[in-house]
Structures are given as C-alpha cells and as structure tokens.
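What follows is one structure encoded as structure tokens, with my remarks underneath.
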Amino acid sequence: MSEPLLKIRGLKIEGRSDETWNPIIKGVDLDLNKGEVIGMIGESGAGKSTIGLASMGFCRDGVRISEGSVVFDGVDLVTASAADKRALLGKRIAYVAQSAAASFNPAHKLIDQHTEGPVQHSVSYRSDSQADGIELYRRLRLPNPDEIGFRYPHQVSGGQLQRAMTAMAMACRPDLIIFDEPTTALDVTTQIEVLASIRDIVEQFDTAAIYITHDLAVVAQMADKIKVLLKGDEVEEADTRTMLSQPQEEYTKSLWAVRSFERPAKPAVATGATPVISVKNVTAAYGTVDVLHDVSFDIHEGRTVAVVGESGSGKSTTARCITGLLPPRIGHIEFDGQQLPLNYRQRDKMQLRQAQMIYQMADTALNPRKTIGETIGRPVEFYLGLKGKEKRAKVDALLEEIELEPTQYFHRLPSELSGGQKQRIGIARALAAEPKFIICDEVTSALDQLVAEGILKLLAKLQDQLGLSYMFITHDLATVRAISDEVVVMKDGVVVEQGEKADMFQPPHHPYTDLLLSSVPEMDPDWLDNLLKERGVDNIGDAAVDKM
Amino acid sequence: MTLLYIIIAAIVLLGVAYAFRMAGQAATSNKPFFRDMPFGVAYGYVLGAVLIVLGVWLFFQPQNVDGVPQAGVMFFRWAVQVFVVFAIAAYLFRLLGRSVGTEGSKKLFRSMPLTAAFGILIIIIYAIVAIFAGAIAPYGQEEVLGAANIVPGGNPAMNGNPEFPLGTDQIGRDILSRLIFGAQNTVGIAFVTTCLAFLIGGSLGFLAATLGGWLDQLLSRAVDALMAIPALIFALLLITIATAWAGSASWQVTIYMILIIAVIDSTRVFRLSRAVGLNIVVMDYIEAAKLRGEGLGYLIFREMLPNAYAPLLAEFGLRFCFVFLTIASLSFLGVGIQPPLADWGTMVRDLAQFINFAAFAPNVALAPLLAAGAIALLTVAVNFVVDWMLHKSSGLKE
Chain B
341 MSEPLLKIRG LKIEGRSDET WNPIIKGVDL DLNKGEVIGM IGESGAGKST
391 IGLASMGFCR DGVRISEGSV VFDGVDLVTA SAADKRALLG KRIAYVAQSA
441 AASFNPAHKL IDQHTEGPVQ HSVSYRSDSQ ADGIELYRRL RLPNPDEIGF
491 RYPHQVSGGQ LQRAMTAMAM ACRPDLIIFD EPTTALDVTT QIEVLASIRD
541 IVEQFDTAAI YITHDLAVVA QMADKIKVLL KGDEVEEADT RTMLSQPQEE
591 YTKSLWAVRS FERPAKPAVA TGATPVISVK NVTAAYGTVD VLHDVSFDIH
641 EGRTVAVVGE SGSGKSTTAR CITGLLPPRI GHIEFDGQQL PLNYRQRDKM
691 QLRQAQMIYQ MADTALNPRK TIGETIGRPV EFYLGLKGKE KRAKVDALLE
741 EIELEPTQYF HRLPSELSGG QKQRIGIARA LAAEPKFIIC DEVTSALDQL
791 VAEGILKLLA KLQDQLGLSY MFITHDLATV RAISDEVVVM KDGVVVEQGE
841 KADMFQPPHH PYTDLLLSSV PEMDPDWLDN LLKERGVDNI GDAAVDKM
Chain G
52 MTLLYIIIAA IVLLGVAYAF RMAGQAATSN KPFFRDMPFG VAYGYVLGAV
102 LIVLGVWLFF QPQNVDGVPQ AGVMFFRWAV QVFVVFAIAA YLFRLLGRSV
152 GTEGSKKLFR SMPLTAAFGI LIIIIYAIVA IFAGAIAPYG QEEVLGAANI
202 VPGGNPAMNG NPEFPLGTDQ IGRDILSRLI FGAQNTVGIA FVTTCLAFLI
252 GGSLGFLAAT LGGWLDQLLS RAVDALMAIP ALIFALLLIT IATAWAGSAS
302 WQVTIYMILI IAVIDSTRVF RLSRAVGLNI VVMDYIEAAK LRGEGLGYLI
352 FREMLPNAYA PLLAEFGLRF CFVFLTIASL SFLGVGIQPP LADWGTMVRD
402 LAQFINFAAF APNVALAPLL AAGAIALLTV AVNFVVDWML HKSSGLKE
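From first to last, the protein sequence lines stand for chains B and G. Per my numbering, the first sequence starts with residue 341, numbered consecutively. Per my numbering, the second sequence starts with residue 52, numbered consecutively.
The structure is reproduced here in structure tokens:
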C-alpha cells in the first residue's frame, strides 16, 4: 500500500484560557487514502472541528498545535511555511463550513466567489472556471445552473447555498475536502439533496474527504470509515459497517443507543374531556400576509402533542398565537374551556402563569447578566409571592427537580453552564410558575444527542409527576417518536395531518408526511442509496424543491 | 527638497528591510518568525528603528546655540520627559494595584494594560485635585497677586518667580491655582452635564426600543431634527436666546449651558441606547419576561439595562470627553463658564497670544499650553480607560 494522502501522527493541540495552555486534542492519529471518506463524530467540544482545521495546518486564534505532524502528500503542514501552505490550501485542500450563509461574502455573486480560488492559484482562466462552475452546479443538481451563479448569496436558499459552497470547494479539483457539519443547519428534506450531491461529486472526482458531524445516521451514509472522538481523545475507529454493527467501546454503544429512547404509549383520552389548550380555527398574519390558515387542534391533560414541519411551516407562529404574542386574525385559543384574550397584554397573571414556554436557544433565553438563582427566583416571587427563605427553598427544590445541585449552581451565571444545563434552567424557569401547559419550541435541536436524550427523559419524568401537557415543536422525527402522544403535521401554515402517534407512523400517509418520514436518515449505510433509487435519482433535487 | 530626501530615504529603507529579513532568516536558520514575515512588517520594523534613532539624536541636541534657545529641541525634550515620567508612574501604579487591595481588584490590575493604568491614575489624580481644590491650591482663583505675566518655570533669570512656579496671567492671578480650580469647575460641570445627558437620552432610548410604534417614530424624528443642526452653533444660539430671555447672571448662564449641552448630547445617547436596546429587546429572555406579565420598569431596568452596561459605559467615557471639550470651546468663545471662575477653556483663550513667542521663548509659550495640556491629558486618559473596558466587555462575550 502506498503512502496515504493525509497522515496525522500524535496530533496534540492546546488552547489558551486563564493564561495557561490546556490540551484540547490529546494525541490523535489519522490516515486517509486518496478517494476515501472518513467520518468524524462526537459531541460538541470533542475536538472534531479543531482536527478538521488542523488537517489544513490551521488553528483558530488562541489555539496552537503543540506536538505531532500533519503530513499531506509529503508536506508536513505543521512546520510548513505560510507560503507553502498558501500554495496547497484552496487548491489541493478545500474546506466546506457549517453555515454557508455566514461563510459566503454577501457583497459578491456566487460565481465570482467560485472563480476566485482557481484564478488566484493560476489553475484556470476566469472564463474557464466560470464555465466549470456552471457545470458543477449542474452536477450538484442546483436549479437553473446556468443562471444561479449570478445571484447574490441572500437570493438563494440555505440548502442551495450549501451546495454552491461544495461546488466552490471543488473548483480547483482538490485532493482533500473537509466538510464541517455541512447539513446540520438544514431541514431533513433539504439535507437529503445536499448529502446525495456531496456523495456523488466526491465519488466522481475520487476526492478524499473528512466528514465532520454529530449525526450518526448522516455519517453512516457518507463515510467509508468512522472515527469516534470524546473530549479530544480517539475512542475508536473502524470501517463504517463494522462500526455500526459491532461497536467496541461503551461510549460508542451509548451513542448508538440514544436513538432507541421511546416512552410507553399513554391511554387514549376519554371522550368528552375538556382539553387544556384548544386552538380553534386560527388564522394569523404577519402584516397583510396570512401565515396560518385555519389551524385547529386540542391538547389534553398530561399528554404531549408534537407539531412537526419544516422551517417556515408555521409551527412557531402557532406557538406565538397561543402565547398571545401574535393575536390571531380569525379564531381564538381556549384554556380549560375558557376563551383566552387574544393579546397577552390583556391576559391576567393567572392566565399567563398557566402557559409557559421553553425556548430553542438556551443562550438567548436566559439573561446573561442574571444568576441562575435570580432567573428561577423571579417567577417564584412574581407568581407565587414567595420571598426570602421560602423563595430560596422553592428555587432549591426546582433545581433538584431538574437534577442540578442547588448549592453549586445557585450563584452561577449562564455563561458558566453547558448547553444542556442551560436548557435545564429554562425548564426550571417554566416550572417555577407551576403551569399546566408548556410549549417546548425545538428545545433539543441545538443539543448533542446524548444531552438531548437527557432533556427528553427529564421532560417525560416531569410530565408523569406533575401531569403537565406539552406542545412540542420540532422538525426532528426521532424526537417525535421518542416523546409524543399525538402528532400534528404542518406545511405552509396548514395542518396537513393530525392524529395519534401510533397511527401517524403507520401508512397510509399524507404525501407530505411521507416525504418527511422517508427523509429522516437511518443508521443503515444503504439507506440513502435505496431511498434515491425509490425516488428516482435524477429528479430528487428538483422534485423536493418543487414540493417546497 | 526635504520631500525629496524623505522619498529617497523611504526607497533606501525598502532595500534595508529586504536585507533585514534575509539576515534574520539566515541568522535564525529559518525560524517561522522571520520565514513567514511579510515584507510590510519587515519594513515597519526597520522604519521604527530609524525613527527611534532619530528621536534619540534629537533629544541630545543642544538646547541653546549661541544663547538662542532651540524651541523644537526643547519642546521635544519636554514631551519625551513627560511621557517617560507618566509611563513610569503608570507602571508603579499598576505594581501598587497588583499588591494592594482585594483579590478581585488585584486580578483586575494583573490583566490591565499600561495605557489603562495610566488612564485610571490620571483620572484619580484629577478627581482628587478637583475635590480638594480649595486645600491644594496655594492661592484663590480670583486673587490678583500684583505682578502680571510672570513666565512659568520659576527661574528669576528668565522672568520667573519661585513663588509662582507656573507663572501668572495678564492681571496677575496664579496660573497653578487657576488650573487646580479649573479642574473643579470644568470637570465637575462636564460630569454633571454628561450624567444629565445619559439620564435623558438613555431612558428615552430604551423606552423607544421597548415600546416601538409611534412613540419611537416621534422621538427618533425629533432627535434626527436636533442632530441635523451643528452642535456647537446650536448651543451658542440657544445660550444666547436663553440669556436674552431669562437673564444673564453668570450662574444662570452656567445652568443654561449645562441644560443645553445635556439636551444636545442626549440625542447621541438616545441613538446608541435605542440601537443597543433594539438588539436586546428581541432576545428570548425579554419575551419570556413579557409573557410573565412584567411591567415596563422591570423590563428596562432589570432585564435590559444590565446587558447594555458595556456599550453605555464606553459611550459615557467618550461623551464625557466631548461634553468637556464643548464646554471648553464655549468658554473659549465667552458664553460658557463666566469669569472670574477659573476654567481651562477660558484660560487658553486669555493666554492664547503667548503662543506667538514659541519660536524664541519656549518658556513664555508654555502658559496657554498648560491649560490645553490639562484638557488633552484628561481626554487621552478617559479614552484609554474606555478602550480597555470595551476590550474587556467584548472579550467576555466570547
């Protein structure tokens, strides 16, 4: 066997904080042959992206490579001069970032950014590179390939932008591409298209790739072999099929097991029972444009209703109508059979208290300048009128309920907590009002799988203890399967299908539900091939775009 | 001719910079520092070295040639000496801060750059001088002491007098005492005015950001209209109107000035606090507080304000400098702080004609420069501190 294309040996990386250097990567080896795809998975903070950048010989500010070598085709990128690295980067090694929207320069057209690399590296003339770019857009199945490159980044959708970025990475026909979570920010239906086109193009040009993601099912479709990372250490590395069928290490097994969490089904609702929340024929508008059309559903006591759909389908708008932030144009909301005032300003304290909300981004949902004790203590004081020692006792009880040690966390600021802990604080703040009903708006979509599972289990436990009702907004069907009792599928502001969970996951489906369900990646490495065959490879991109 | 020499020197330096980089690469066997050094950086190093050598050469030139003082050399030496003294003072002050005080303040001083230490030191000195002006100043600010136009320096051979180390002005008042009382008047009034501007601009800005709608439109357009008029001319105009309308006793003029500058400057504060407020008001925690049923006061003062401290504090520092300079300019023009109260702006105006002596009698020209220097020093100090605070608060967000 010849020398691998990329060879990393004993790579150690340190980051600077509090005036000392702390290890981030603790000695990782990696071999990558030409045309091979390696998947790197792990939680956030595992060092996936750091290794991805280091394989280009690059480090973020405040981070340095302390030991080891990164040999790309005979050149050690750790010790290479800036000029030598410049000759390689962009030309022979390319990088696709997580958020294409943030990585494109908004002031230039896509094709101009595409041709920049080849012209800079004297690979081809601008006109040739432009023609090649259009050809790549065609191969990546972008709509209107002849014309789309002449748009500005804000004029195309997120999925298309991500594909345009992949095309840009291919512009110099590099030997190695590093994909850093290219589909994490996308909807499931869009994700399929991007995955399929990335895989095609990598195969066509025999490019080696490092594919970084935290989604196991995605990596199963893309990679020839998988490396699992935990806190800067390698857990194990194996061939994709071996890794999926027989993981060796405990940690890997636990990652695999997350997807199997499912709470037992609850008994059906007694007929004639008054629902806790009832959405009655709600039509709502931003300005003059209706974004919700005649939405109705009920949420009964102690049950979880999952509202599913792509971004822009009106899930969060429905939540805003229920909370009264966006008064509906037609229709109304009932709580325990009583009609609620449409605008939250007209609701009294009791009405506000009964419906609480947990947000997607725990970072923006907690005031960064308030300690945990203040954040949770405020609703306790505001709604329950508790002061001093009683308030402290109540906050401590709440912290214990969300499984955080009160004495340790009471005086901390949100910046001193991890993502999962912040989300738990968000839950505690909602619970502090002692509500009957909680809206969970994508509460797990910003979290790693293991952490997300912990949050789901906590929510299920609280529901059993306190008899809470949840409205669970999500685009992730695995989450729906795990926690919901009933499902409402939304598309373009309309409820396309609703019913008990067991019925929803059984055919026959509404065509849109079918598209959603079949787009969720599965752990089977052949899943994407089978799906594409089923849908007909040639029209997958266009078909899904048309449906949107 | 001089221009030609400078151009030739710059071109020669290009070659020197290239050689410097080559030599560095050879001497360190191609270490990354020299290997990856861009040509512009190498040029910068060489240019810096040349300027330092030139500065040292100028510093040691004779101050007198055949009895004629060399003004350029003297001013340069004074500037360098003042700079060195302040740098050492700031360094010692930082050392002091690192070893005295609570754990928190020690930690603060450990990570503090020298510029910030300098700024804090100057601000503390100004504050002490302003508060205890009456006890520190050797004479009263209005006291006429006989001999007029005594030259600063206290050297009888050069028309000085050791009793008045910084000399006296045209009607024989001690400049040192007036500088010290000037700190009290100018800085004190500037501080009050800035606080007032923040109270008005800040609360209206947050209110506009939170409520939006027609109130926001009304306030924002009113502010636009006020901002469209050049500030200094507008202030002059308004003070003149107020004086004609409500009386012109000197304390009245001072109050008009405070109010008018506060209102004019509050427009800038309004803009900032509205922009900052708009960014905060879209956060989920504000929505959560609104849905909880919190009142407007709680929203603004407990949820929003703590998150706006950093930009507002930075703006406070800058705004203070601007207000301070406006007061000095208004006093210079004669409508600000009224005589016989000492004020730095007035002092610069009164002594301005001595600047003409700069070329042949540097000591005489020092008189107006002292007050101007006091203004400049405080402005620089406040800006250093503000820069440091901005840097710290942006670092926290990461």
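Note that CB positions come from ideal geometry on N, CA and C, so glycine has one too.
Segment limits, beta strand (DSSP E) that includes Ile378 (chain B): 377-381
Chain D contact for Leu665 (chain B) (CB, 8 angstroms cutoff): Within the model displayed, chain D is absent; protein chains B and G are what it includes.
Run of the beta strand (DSSP E) containing Gly355 (chain B), from where it starts to where it stops: In the DSSP annotation of this structure, the continuous segment of the beta strand (DSSP E) that includes Gly355 (chain B) starts and ends at 346-357.
Same chain, Cβ closer than 6 angstroms to Leu868 (chain B), five either side skipped, listed in chain order: Gln561
Where Met888 (chain B) falls, given that 16 or more other Cβ within 10 Å makes a residue buried: Note that Met888 (chain B) scores a pLDDT of 38, beneath 50, so its modelled location is shaky; the value from the coordinates is reported in the next line. Answer is exposed; the Cβ neighbour count stays below 16.
In DSSP terms, what Met830 (chain B) is bridged to: Answer by DSSP bridge pairing, in chain order: B:Val835.
Close-in-space but distant-in-sequence residues of the same chain around Glu576 (chain B) (CB under 7 angstroms, 5 per side omitted): Val568, Gln588, Glu589, Thr592
Extent of the continuous beta strand (DSSP E) to which Glu577 (chain B) belongs: 573-579
Under the three-state DSSP convention, the category Ala646 (chain B) falls into: strand
Validate contact between the stretch 521-532 of chain B and the stretch 824-833 of chain B using beta carbons, cut 8 angstroms, 3 pairs: Because the criterion of three Cβ pairs below 8 angstroms is not met, the stretch 521-532 of chain B and the stretch 824-833 of chain B do not touch.
Own chain residues within Cβ distance below 7 angstroms of Asp546 (chain B), not counting five before or after: Lys374, Gly375
Cβ-based burial, Val558 (chain B) [other Cβ within 10 Å; buried from 16]: buried
Below-8 angstroms beta-carbon distance, Pro419 (chain G) vs any chain B residue: no
Minimum length 3: unbroken beta strand (DSSP E) runs contained in the stretch 283-343 of chain G: none
Selected residue, minimal CA-CA separation from Ile311 (chain G), among G:Gly328, G:Gly387, G:Gly368, G:Trp265: G:Gly387
Proximal residues, the stretch 211-238 of chain G versus chain B, C-beta separation under 8 angstroms: none
Contact set between the stretch 370-390 of chain B and chain G, restricted to residues whose Cβ is under 8 angstroms from the partner: Under the 8 angstroms Cβ criterion, the stretch 370-390 of chain B contributes no residue.
Three-state class that DSSP yields for Asp438 (chain G) in the structure shown: Secondary structure at Asp438 (chain G): helix, using DSSP grouped into helix, strand and coil.
Beta strand (DSSP E) segments (min. 3 residues) lying fully within the stretch 370-424 of chain B: 377-381, 403-412
Listed by chain order, chain B residues near Met440 (chain G) by CB distance under 8 angstroms: Under the 8 angstroms cutoff, chain B gives no residues; its nearest Cβ is about 16 angstroms from Met440 (chain G).
Beta-carbon neighbours of Arg86 (chain G), restricted to chain B and to distances below 8 angstroms: Here the neighbours are Ser421, Ala422.
Neighbour flag for Leu393 (chain B) against chain G, beta carbons, 8 angstroms: no
Segment limits, beta strand (DSSP E) that includes Phe637 (chain B): Per DSSP, the unbroken beta strand (DSSP E) holding Phe637 (chain B) starts and ends at 629-639.
Rounded separation between Arg145 (chain G) and Arg161 (chain G) - CA only: Spanning the two alpha carbons is a distance of roughly 8 angstroms.
Contacting positions in the stretch 720-747 of chain B - beta carbon closer than 7 angstroms to chain G: Phe722
Same chain, Cβ closer than 8 angstroms to Glu154 (chain G), neighbours up to 5 away in sequence not counted: none
Own chain residues within Cβ distance below 8 angstroms of Leu680 (chain B), not counting five before or after: Gly664, His672, Ile673, Glu674, Arg687, Gln691
Proximity test, Cβ basis, 8 angstroms: Ala339 (chain G) and chain B: yes
Classification of Ala184 (chain G) by the beta-carbon crowding that lies within 10 angstroms, buried from 16 upward: Looking at its Cβ environment, which holds 16 or more other Cβ atoms inside 10 Å, Ala184 (chain G) is buried.
Under the three-state DSSP convention, the category Pro587 (chain B) falls into: coil
Under 7 angstroms by beta carbon: chain B residues contacting Arg343 (chain G): Leu692, Pro719, Phe722
Cut-off 7 angstroms between Cβ atoms - residues of its own chain near Trp395 (chain G), not counting five sequence neighbours on either side: Gly233, Thr237, Ala379, Ala422, Ala425, Ile426
Residues near Ala884 (chain B) in its chain [Cβ-Cβ closer than 8 angstroms; skip 5 each side]: Confidence at Ala884 (chain B) is low in this model, with a pLDDT of 42, below 50, so the placement of that residue should be treated as unreliable; the coordinate-derived value is given next. The answer, listed in chain order, is Thr529, Thr530, Ile532, Glu533, Leu855.
Where Tyr699 (chain B) falls, given that 16 or more other Cβ within 10 Å makes a residue buried: buried
Sufficient close CB pairs (3 or more, under 8 angstroms) joining the stretch 807-818 of chain B to the stretch 774-790 of chain B: yes
Neighbour-count burial assignment, Ser324 (chain G), 16 or more Cβ in a 10 Å radius: buried
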